[in-house]
Amino acid sequence: MGRVATFISVASMGLLGLYVGAVIVNVFCRYVLAFSLPVISDLGEVILPSALILTFIVAAINGSFLAITFLGDSFVPRLGRALDMLGRLAIVGLFALFALQMFRYTQVTFGSGRTTRMMEILIWPVWGLTSAALAVAAVIALIAPRSREGNPKHD
């Protein structure tokens, strides 16, 4: 799964880089050429949620989501693994809750036909993909092994 995580990370950084580049061009146009590109704010509404939500999937694949191991490491390995599993289930629950809320927001934006301001791009597909990505992250967080490098207690 390392290659998948790397690809998703590069895609996320690429989207963020694209948006940052567009903002730089907009600033240059605004202050040097005396005109602005209002379409840049529309790009932000589409690109930023997509790029940021990919980080949840990468964290789930790598098993690098929030984990509190100091308590589990102070017990016998079996109890430590049980506490880690409880933490993992909590993360899965949070991802699932976030996915549900994003899905509800997707329904609202779909029903209202909400679009971006300038280009009038429908935004419900972005939020639909966001909720789907969170659901995928919840499943991956449940099944992907958590990284425990450097911790001989759990090897």
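Under this note's numbering, think of the first position of the sequence shown as 583, with each following residue one higher.
We treat Cβ as the ideally placed atom computed from N, Cα and C, and that holds for glycine.
Per DSSP, cross-strand counterpart(s) of residue i
i, result
"T697", "L704"
Residue i versus residue j - alpha carbon distance
i, j, result
"A593", "I643", "15 Å"
"F680", "S632", "15 Å"
"A714", "V609", "34 Å"
"F589", "V607", "27 Å"
"Y613", "G599", "21 Å"
"K735", "A723", "Confidence in K735 is poor, its pLDDT being 43 and thus under 50, which makes the residue's placement too unreliable to answer from."
"L711", "T688", "9 Å"
"G584", "A717", "20 Å"
"V690", "L661", "44 Å"
"L630", "L597", "8 Å"
"V750", "R663", "Lying before the first or after the last residue shown, residue 750 is absent from the chain, which here runs from 583 to 737."
"L671", "P707", "28 Å"
"R699", "P659", "55 Å"
"Y601", "A587", "21 Å"
"R696", "V640", "29 Å"
"W709", "L634", "12 Å"
"A604", "S694", "28 Å"
Buried/exposed call for residue i, threshold 16 Cβ in 10 Å
i, result
"Q683", "exposed"
"L636", "buried"
"I725", "exposed"
"A719", "buried"
"L625", "buried"
"F617", "exposed"
Residue span of the alpha helix (DSSP H) that contains residue i, given as start and end
i, result
"S618", "No alpha helix (DSSP H) contains S618, which DSSP labels as neither H nor E."
Closer than 8 Å to chain B by CB, residue i
i, result
"L615", "No chain B appears in the structure shown, which is made up of a single protein chain."
> Any contact of the stretch 667 to 677 with the stretch 688 to 705, i.e. 3+ C-beta pairs under 8 Å?
Replying inline: no
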